[in-house]
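In the numbering used here, the protein residues as written are 234 to 494. Remarks on the structure that follows.
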Ligand code: FAD
């Protein structure tokens, strides 16, 4: 089975700072890591590789320093790694990003399974995986915690708010991954040595089957007009009742109404 995993480099912090002038993320001076959901996607890919004697390719689109997360995926056991990088890709929103990544899948493929994280912890839209499936015209299964191969397709456990679904799809398929039961494996010494020796392949605009109209700012359907920290109003509600039991019952109902439980 041929497996592609899309991984994104994200800041290693919950303190995302925004440049008020440009409305973009301030990346300088912030240590970066592989997006945590993407580490689960790599783990899932490696499990599929083991089940099917498959091959795992990892790809990231970003600046040259994004290479480091490709090295991490190689050290975990991925077979090949590509860095998609070109100034012409700058300013891409999710629509343009997914278009570029879909073109990578076309160029390097065919792939049976394309794995993404359910969302990136910085951009947080959760759009890139589903949009890739649309660009490629193939099925998608989102919020997946585990996958197994089933005949000529896959069967996935899909995590919903209050229940799980078992969803089957033919190949090729895009799968977006949540935190699974199996934690992402540690890199091995052998894997790290191989990663250090591995020459990560760059992919630029001219090597990909993309139109200029679909990439960068030109290809982006959205513009960030303003970014700000929302003001939140907290309200304190006293739950009254004759007994603790009555108060607990009212609290339970209030939490249920607020969709907390
Ligand atoms: P999500 O959709 O939440 O990610 C879901 C999954 O998709 C991830 O878990 C991962 O598996 C995959 N994925 C997402 N991004 C990548 C990637 N780059 N490489 C590989 N896999 C990926 N946005 C704007 O709106 N306007 C801009 O001007 C702009 N400029 C940018 C400039 C740079 C240099 C960069 C790096 C980003 C810029 N962005 C801009 C943000 C960009 O839109 C998002 O990074 C991107 O579209 C992904 O959206 P997201 O973070 O919400 O990912």
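Ideal Cβ placement from N, Cα and C applies to all residues, glycine included.
N-terminal and C-terminal residue of the alpha helix (DSSP H) that residue i is part of
i           : result
residue 301 : 300 to 309
residue 422 : 422 to 430
residue 484 : 477 to 490
8 angstroms Cβ cutoff met for residue i and residue j
i           : j           : result
residue 457 : residue 408 : no
residue 335 : residue 368 : yes
residue 245 : residue 265 : yes
residue 314 : residue 433 : yes
residue 340 : residue 293 : no
Integer-rounded CB distance, given that residue j should sit under 8 angstroms from residue i
i           : j           : result
residue 239 : residue 349 : 5 angstroms
residue 189 : residue 354 : Since the first residue of the chain shown is 234 and the last is 494, residue 189 is not available in this structure.
Residue i, DSSP secondary structure in three states
i           : result
residue 288 : strand
residue 294 : strand
residue 350 : strand
residue 365 : helix
residue 375 : strand
residue 235 : strand
residue 240 : coil
residue 317 : strand
Span of the beta strand (DSSP E) around residue i
i           : result
residue 391 : 386 to 392
residue 337 : Run containing residue 337: none in the beta strand (DSSP E); it sits in the alpha helix (DSSP H), 327 to 341.
residue 473 : Careful: residue 473 lies outside any beta strand (DSSP E) and carries neither H nor E.
residue 453 : Residue 453 -> no beta strand (DSSP E), and no H or E assigned at all.
residue 358 : Premise fails: residue 358 is in no beta strand (DSSP E) and is neither H nor E.
Paired residues, beta bridge with residue i - DSSP
i           : result
residue 401 : 388
residue 460 : In DSSP, residue 460 forms no bridge with anything.
residue 381 : 388
residue 434 : 315
residue 408 : 348 and 374
Residue-level contact to chain C via CB, residue i, 8 angstroms cutoff
i           : result
residue 300 : Going by chain labels, chain C is absent from the structure shown, which holds only one protein chain.
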